[in-house]
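K.L.:
Below you'll find the structure I mean.
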Amino acid sequence: MDNSIVEEIDHRAALKKNVLLWSVCIAITPMILVSCIILYQFRISYHQRVNAHLEELVAKHRQDIDTFLKERLGNIQVLAGNFSFENMSNERFLQERLNILQQNYGPVFVDLGVINFEGFQVAYAGPYKLKHASYSDADWFKKAMANNSEYYKSDVFLGLRGVPHFIIAVRRTSGDKTWIVRATIDFVYFNSLVEKIRIGETGFAFILNNEGKFQTHAVHDVAPDKSPYRDFLKYNNAEKKEIHIVEHADASGSTSLYVASFLKHGDWMLVYQQKSSEAFADYRRAVSIAIVIVILGCVLILSTAIILTNKLVRLLTKIDREKEMMNEQIVETGKLASIGELAAGIAHEINNPVAIMVGEAGWIEDLLEEEEFQASENMNEFKRALKQIHIQGKRCKEITHKLLSFARKTGSRPQDINVNELIEELVDLSAQRAKFSNVTIVTDFKEDMPSICVSQSELQQVFLNLINNALDAMEKDGGDIRISTRTDGNRVVVVVADTGPGIPSAVLNRIFDPFFTTKPVGKGTGLGLSICYGIIKKMRGEIEVQSTVGVGTTFLVKIPLPED
Amino acid sequence: MDSFSTLFVDDEEEFLATVLKRLKKRNLEVMGANSGEEALNVLKSRHVDIVVLDVRMPGMDGIQTLREIKKEFPLVEVLMLTGHANMEVAVEGMELGAFDYLMKPVEIDELLYKLQDAYKKKSLQEEKIKKIKTITK
Chain A
1 MDNSIVEEID
11 HRAALKKNVL
21 LWSVCIAITP
31 MILVSCIILY
41 QFRISYHQRV
51 NAHLEELVAK
61 HRQDIDTFLK
71 ERLGNIQVLA
81 GNFSFENMSN
91 ERFLQERLNI
101 LQQNYGPVFV
111 DLGVINFEGF
121 QVAYAGPYKL
131 KHASYSDADW
141 FKKAMANNSE
151 YYKSDVFLGL
161 RGVPHFIIAV
171 RRTSGDKTWI
181 VRATIDFVYF
191 NSLVEKIRIG
201 ETGFAFILNN
211 EGKFQTHAVH
221 DVAPDKSPYR
231 DFLKYNNAEK
241 KEIHIVEHAD
251 ASGSTSLYVA
261 SFLKHGDWML
271 VYQQKSSEAF
281 ADYRRAVSIA
291 IVIVILGCVL
301 ILSTAIILTN
311 KLVRLLTKID
321 REKEMMNEQI
331 VETGKLASIG
341 ELAAGIAHEI
351 NNPVAIMVGE
361 AGWIEDLLEE
371 EEFQASENMN
381 EFKRALKQIH
391 IQGKRCKEIT
401 HKLLSFARKT
411 GSRPQDINVN
421 ELIEELVDLS
431 AQRAKFSNVT
441 IVTDFKEDMP
451 SICVSQSELQ
461 QVFLNLINNA
471 LDAMEKDGGD
481 IRISTRTDGN
491 RVVVVVADTG
501 PGIPSAVLNR
511 IFDPFFTTKP
521 VGKGTGLGLS
531 ICYGIIKKMR
541 GEIEVQSTVG
551 VGTTFLVKIP
561 LPED
Chain B
1 MDSFSTLFVD
11 DEEEFLATVL
21 KRLKKRNLEV
31 MGANSGEEAL
41 NVLKSRHVDI
51 VVLDVRMPGM
61 DGIQTLREIK
71 KEFPLVEVLM
81 LTGHANMEVA
91 VEGMELGAFD
101 YLMKPVEIDE
111 LLYKLQDAYK
121 KKSLQEEKIK
131 KIKTITK
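This is the structure in structure tokens:
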């Protein structure tokens, strides 16, 4: 019994687990799959978009900066081409030129200088006192004097003045003289060109030369790790027009996006740097929203699945239990029916020997009437013994007849019966005995009870049995019997409740079994309630018992109303 | 009271013997038969007023025997004796013309009364028939 209960609980737990697992898997898998695919596609297209945007930005600024450099070079080339060395050597003339340039282009040009082939500055216009300075050892001078190009744009350097700047130098040859016109470009102004490229909080640009040295101020903390720039510089040898994009994690673990392009024929590199978290902020927001939705969805699915599964399992359990109860009832009914048949057979077989015994006893009685025995001193004992045989024979007969009436299939004819009236009569009948047992019988009838169509004698037998049982139970201590009637849907319900000692639960489910009795041997046959059960079942009704030891016992008899 | 002859039919010999002894002791003219067939044979050869017939017997059962008796000897009254309160059999027996039915074990006095009643009925019937005969003659 215990094993089967444990098995059943195990079975239910397994069922619950299965249903839960499957429903959750089936609901959650497509959701997660779809979310991942959409996010992945979105990521690709969003990255493409951001990259394209940054590429365009960098390309535009590269062009701007290239144009700026070209124009400034052009300015100087015009100066060098249009005026002779003699004119240019005139400091007042040079100052005028510088003024004109500054008027046209703002403070881009810091100063102008004319340098002879020996590196000696013959004329100078500008804020610094650099006239007669010698550049013969300067790197830029050497490069400018080299024959491969007519001009030279230097990297940013400190030079003689000790301020970061870069210069544009144009070499001229007139006759046998070679000279150089040199202009200094304001670093602050040039810087502002690059510093203008700013997006969000972390996006900014700067320029590197091909050795990786900064040509402009970096506004923010440029990655201390220069590996991304070095990677870009490697491209120097490759296609120079390309714009390169790289995502790179620095030592602190935060990834940044680097967009680089070459300027100045590959001498310089414009680098745009932005933290990935900012560049892809929209994508990251979409991801976090998606994650929140997926988690919420999972929670919702899980809770729904749990609730539904619980409901399902509860329903199944209920159905199981109902089925079990029904089976029990079927078994019970079958048991009673087979016991009834068996009892009928036994009753019949017993009747014959009993008849013979009683007959023989009668014969002895007859013989004792003869005169020769009258004088016997044991005459009275003989008579008493024979009488006893008769009495016990009658008892056997009663038992067998009761058994047979329990088992018999046909009974008296059904007729319309008012339950209230029938019970009232029975209560009157039992009143004398009740008074003797100090029991009060109380009736509580519902008025206008519909009549039922059953056998009157059988119904009387049922209620008489119930009342008698109650009276027997309370014979010693007295008590109350309460009989009430009511209707419940299409059934008549009669409740017989006593305040007797109650029936122990161990025997409660056996009380309808034939021959089961709690009365002392010889007092009861154990057939009363099984006959009641048989009769009520035949009427397609139900008989139920509720009992609490020490409180009392209640019998419920439910009989269906006739079907119209 | 006039004496009448009774035939007691039961397959249980012990029961039959005792009942016969007891009835004889009460000065009744009784005979016994162990089966339906035997009972019919006795009826053919002897005069019998009343037959007491057990319902449950091997071979010809009570109802069959009753049918035969009523067919061949309609004036003989029949008392059915049943082992239990088998209403169907009892009702069938009554419909077939049995005088009454008794349940085993039966009190000897009750049996006697029933026998006397049955004989009374038979006598009345015979008188009626005689009257009808005299009138029709």
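Those protein sequences? They're chains A and B, same order as listed. If you read the first sequence in UniProt numbering, its first letter stands for residue 1, the second for the next number, and so on. If you read the second sequence in UniProt numbering, its first letter stands for residue 1, the second for the next number, and so on. C-beta atoms are modelled at their ideal positions from N, C-alpha and C, and glycine is treated no differently.
#1: Among Ile243(A), Ala347(A), Asn51(A), whose alpha-carbon lies nearest the alpha-carbon of Cys396(A)?
#2: In chain order, what residues of the segment 1–23 of chain B put their CB closer than 7 angstroms to some CB of chain C?
#3: To the nearest angstrom, report how far apart Lys70(B) and Arg56(B) are at their CA atoms.
#4: In angstroms, rounded to a whole number, what distance separates the CA positions of Ala503(A) and Asn420(A)?
#5: Under 7 angstroms, CB to CB, which of the residues in the segment 350–379 of chain A have a partner in chain B?
#6: Using 9 angstroms as the limit for Cβ to Cβ distance, is Arg56(B) near chain A?
#7: Applying a beta-carbon distance threshold of less than 8 angstroms, which residues of chain B neighbour Gly393(A)?
#8: For Ala123(A), which of Leu20(A), Glu96(A), Gln273(A), Ser89(A) has the nearest alpha-carbon?
#9: Could you say which of Ala249(A), Asn465(A), Leu367(A) lies nearest to Lys275(A) if we only look at CA atoms?
#10: By Cβ distance below 8 angstroms, which residues in the same chain neighbour Tyr151(A) in space, the five residues on each side in sequence not counted?
#11: With a cut-off of 9 angstroms, does the C-beta of Lys397(A) fall near any C-beta of chain B?
#12: According to the Cβ coordinates, are Asp480(A) and Thr553(A) closer than 9 angstroms?
#13: What would DSSP say about Tyr124(A), mapped onto helix, strand or coil?
#14: Quick one: what does DSSP say Lys446(A) is sitting in, helix, strand or coil?
#15: According to DSSP, which residues form a beta bridge with Met31(B)?
#16: What's the gap between the Cα of Gly203(A) and the Cα of Gln121(A)?
#17: Using a Cβ-Cβ cutoff of 7 angstroms, what residues of the segment 89–115 of chain B are near chain A? List them in chain order.
#18: Do the segment 469–489 of chain A and the segment 33–40 of chain B touch if we need at least three Cβ pairs shorter than 8 angstroms?
#19: Measure the beta-carbon distance from Gly359(A) to Val42(B) and round it to whole angstroms, keeping in mind my assumption that it falls under 8 angstroms.
#20: Could you round the C-beta distance between Thr443(A) and Ile483(A) to whole angstroms and report it? I think they count as a contact, below 8 angstroms.
#21: First and last residue of the beta strand (DSSP E) that includes Gly528(A)?
#22: Among the candidates Asn104(A), Leu368(A), Met325(A), whose CA atom is the shortest distance from the CA of Glu381(A)?
#23: Could you pull out every residue in the same chain whose Cβ sits closer than 6 angstroms to the Cβ of Pro224(A), ignoring the five residues on either side in sequence?
#24: In the DSSP assignment, what residue or residues form a beta bridge with Met103(B)?
#25: Using 9 angstroms as the threshold, is the C-beta distance between Glu77(B) and Tyr119(B) below it?
#26: Indicate the three-state DSSP secondary structure (helix, strand or coil) for Gly159(A) in the structure shown.
#27: Within the continuous beta strand (DSSP E) that includes Ala497(A), where are the two ends?
#28: For the 8 angstroms Cβ check, are there 3 or more pairs between the segment 170–187 of chain A and the segment 103–113 of chain A?
#29: When you compare the CB of His401(A) with every CB in chain B, is at least one pair closer than 9 angstroms?
#30: Check the Cβ-Cβ distances between Val26(B) and every residue of chain A, and say whether any is below 9 angstroms.
#31: For Lys196(A), count the other beta carbons within 10 Å of its own beta carbon; 16 or more makes it buried, fewer makes it exposed. Which is it?
#32: Which whole-angstrom value is the C-beta distance of Asn99(A) and Phe93(A), which I expect to be below 8 angstroms?
#33: Would Ile50(B) and Thr6(B) qualify as a contact pair, given that the criterion is a beta-carbon distance under 9 angstroms?
#34: Compute the Euclidean distance between the alpha carbons of Pro353(A) and Ala39(B), then round it to the nearest angstrom.
#35: Which residue comes first and which comes last in the beta strand (DSSP E) that contains Gly479(A)?
#36: How many whole angstroms separate the CB atoms of Asn465(A) and Gly541(A), which I take to be in contact at a CB cut-off of 8 angstroms?
P.N.:
Inspection of the coordinates gives the following:
#1: Ala347(A)
#2: As a matter of chain content, chain C is missing from the structure shown, whose protein chains are A and B.
#3: 18 angstroms
#4: Strictly speaking, residue 503(A) in this sequence is Ile, with Ala absent from that position. Going from the Cα of Ile503(A) to the Cα of Asn420(A) covers about 27 angstroms.
#5: Asn351, Asn352, Val354, Ala355, Ile356, Val358, Gly359, Glu360, Gly362, Trp363, Asp366
#6: yes
#7: Pro105
#8: Ser89(A)
#9: Ala249(A)
#10: Leu73, Ile76, Gln77, Ala144, Ile168, Ala169, Val170, Arg171
#11: yes
#12: no
#13: strand
#14: coil
#15: Leu7(B)
#16: 42 angstroms
#17: Lys104, Pro105, Ile108
#18: no
#19: The Cβ separation is near 21 angstroms, so there is no contact.
#20: 5 angstroms
#21: Premise fails: Gly528(A) lies in the alpha helix (DSSP H), 528–538, not in any beta strand (DSSP E).
#22: Leu368(A)
#23: For Pro224(A), the predicted model reports a pLDDT of 49, less than 50, meaning its position is unreliable and no value from the coordinates is stated.
#24: Thr82(B)
#25: yes
#26: coil
#27: 491–498
#28: yes
#29: yes
#30: It should be pointed out that residue 26(B) corresponds to Arg in this sequence rather than to Val. By this cut-off, Arg26(B) is an interface position.
#31: exposed
#32: Going by Cβ atoms, the distance from Asn99(A) to Phe93(A) rounds to 11 angstroms, so no, they are not a contact pair.
#33: yes
#34: 23 angstroms
#35: 479–488
#36: Not a contact, Cβ separation roughly 15 angstroms.
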